[in-house]
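Only one structure is covered here, and it is reproduced in the block below.
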Amino acid sequence: MSFDSLAAELAARRAADLYRRRRVLESPPGAQARIDGRPLLNFSSNDYLGLASDPALIAAAQAGAARWGAGSGASHLVTGHTAAHQAFEDEFAAFVGKPAALTLASGYQANLAAICALVGREDAVFADKLNHASLNDACLLSRADFRRYPHNDLDALERLLVTSKARRKLIVVDGVFSMDGDLAPLPALLALAERHDAWLYVDDAHGFGVLGQGRGSAAGLDAKRLIYMATLGKAAGVAGAAIAAETVVIDYLVNFARPYVYTTAAPPMLAETLRCSLHCIAGDDWRRARLASHVAQLRQGLADSALRLLASTTPIQPLLAPDSATALRWSARLADQGLLVAAIRPPTVPSARLRITLSAAHQPEHLSTLIAALRQLES
Ligand code: PMP
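Quick note: the sequence shown uses UniProt numbering, first residue 1, plus one each step.
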């Protein structure tokens, strides 16, 4: 059997300007990146606080490797769960105000692990239409009745909840929507969850470290029915994910979450690096202040232009393009001027855009360069 059918699908993607290829970075993914020998200002990374190449984290990684070695050697339930993992989990849980936490090797894995364990055939999940792909995959894989509602439309969600006869009801949302940069209305969602005796699962990949003095988009919401998931490869600057919840929920996941049980634990050196990162997230308010000032500078700089920046207060600042071909052309023009700004196209998003992301690692001059280059796209 030949691979002609695969090649045909790829050709169709190419023809529709939807073909994907990977760029090879020749530098750490900081504010200044290098690709093909060319230096580029990087406005495409999720390293919102600039921690990924922070000297303190690098030192913690080195000390962690020296203390624990390179790998964990086994899954958590066998011999892979070290004192480093446990210390990070305890510190993470305390920081986000929950009794217990669980670390996993990635956010994708965390979503599969939690959702597939918490709900099954007799249950229902209620998901925002703009949720991240990993949440959708988890909901599908769980075999629960999978209901999607229009973005942030709480009336539509309530109509679904009212009629549901499911054993367990789980509302699933991004805390900060990854491609639009806007927020889920968590207090209102929690009120709905309470009214309909549902659980609320918040994927805060883009809120943790950035919002709520670093505690994320659910900071200050004291609710037992809220299950909080943060990814640790973005603002935290390392890799992995942590779920924080009531102790019984975490205990249940340790026992029943297959993507947690049947995989090798992440290296303990990463847990040590994450402890250092957590310390920076908790203490370095200046990083968030700098980020807020960059967001304001960008929005002010484009306020009188015809460019369509979505209404976002977070470091995710999407610029809508008329179509995929234009998004690619814009991204290429920016690259010609030394700026790395990723074009995001369907099916990842409903409409093509440049996804501009800002970081505390940027300097105000970097923003000025970006604004000037974006304004030229209008011509
Ligand atoms: N959830 C959201 C909202 C994300 O944006 C991402 C990463 N793109 C993930 C989950 C997956 O996290 P990870 O990259 O750690 O697998």
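C-beta: ideal position from N, C-alpha, C; glycine also.
Computed from a prediction, not measured in an experiment: that's the story for all the values here.
- Residues close to ligand 1 by the beta carbon criterion (under 5 angstroms to any non-hydrogen atom) are, from first to last along the chain, Ser106, Gly107, Tyr108, His132, Ser134, Asp174, Ser178, Asp203, Ala205, Thr231 and Gly233.
- DSSP, reduced to helix, strand and coil, places Ala127 within a strand of the structure shown.
- Collapsing the DSSP output to three states places Asp4 in a helix.
- Between Ile35 and Asp54, the alpha-carbon positions lie close to 21 angstroms from each other.
- Within the same chain, Cβ atoms closer than 6 angstroms to the Cβ of Ala156 are found at Tyr149 and Pro150, the five residues on either side in sequence being excluded.
- Two segments are said to touch when three or more pairs of C-beta atoms, one from each, lie closer than 8 angstroms; by this definition the region 57-67 does not touch the region 209-228.
- Contact between Leu340 and Ala33 holds, since their C-beta atoms are separated by about 6 angstroms, short of 8 angstroms.
- Buried is the label assigned to Gln317, since at least 16 other Cβ atoms lie within 10 Å of its Cβ.
- In the three-state reduction of the DSSP assignment, Met269 falls in the helix class, which pools H, G and I.
- Membership of Asp203 in the beta strand (DSSP E) is indicated by the continuous run Trp199 to Asp203.
- Counting only runs of 3+ residues, the beta strand (DSSP E) found wholly inside the region 103-159 occupies 124-128 and 145-149, in chain order.
- Bridge partners of Tyr228 according to DSSP: Val202 and Ala244.
- In its chain, beyond the 5 residues on either side, Arg34 have a beta carbon closer than 6 angstroms to the beta carbon of Glu26.
- Closest in C-alpha terms to Ser44, from the list His76, Gln376 and His362, comes His362.
- The closest CA to that of Ala230, considering only Lys98, Ser164, Ser2 and Asp123, is found on Lys98.
- In this model, Ala105 and Gly240 are separated by some 4 angstroms (Cα to Cα).
- From the listed residues Gly37, Ala31, Leu18 and Asp17, the smallest Cα separation to Val24 is found for Gly37.
- DSSP places Ser75 within a strand segment (E or B) once states are collapsed to three.
- Under the DSSP definition of a beta bridge, Gln317 partners with Ile356.
- From the listed residues Arg14, Gly71, Asp17 and His132, the smallest Cα separation to Ala265 is found for Gly71.
- Taking 8 angstroms as the cut-off, the beta carbon of His366 is found closer than this to the beta carbon of Leu41.
- Cα atoms of Cys139 and Asn152: separation of roughly 18 angstroms, rounded to the nearest angstrom.
- The C-beta distance from Gly175 to Ala218 rounds to 6 angstroms, short enough to fall under 8 angstroms.
- In terms of Cα proximity to Leu51, the closest of Asp304, Cys276, Ser331 and Ala94 is Cys276.
- Collapsing the DSSP output to three states places Gln337 in coil.
- Scanning Leu189, Arg20, Pro29 and Phe3 for the CA closest to the CA of Thr357 turns up Pro29.
- Within the same chain, Pro39, Leu40 and Leu41 come within 7 angstroms of Gly338 by CB-CB distance, once the 5 residues on both sides are set aside.
- Annotation note: the region 167-193 contains no uninterrupted alpha helix (DSSP H) run of length 4 or greater.
- Assignment of alpha helix (DSSP H) within the region 24-108, counting only whole runs of 4 or more residues, yields 55-68 and 83-96 in chain order.
- Burial check for Phe95: the Cβ neighbour count within 10 Å reaches 16 or more, so the residue is buried.
- For the pair Tyr201 and Leu170, the CB atoms are nearer than the 8 angstroms cut-off.
- Excluding the 5 residues flanking it on each side, Asp251 has same chain C-beta neighbours closer than 8 angstroms at Ala100, in chain order.
- Leu377 sits in a helix when the DSSP states are folded into three classes.
- Nearest in C-alpha terms to Arg288, of all of Pro347, Arg308 and Phe208, is Phe208.
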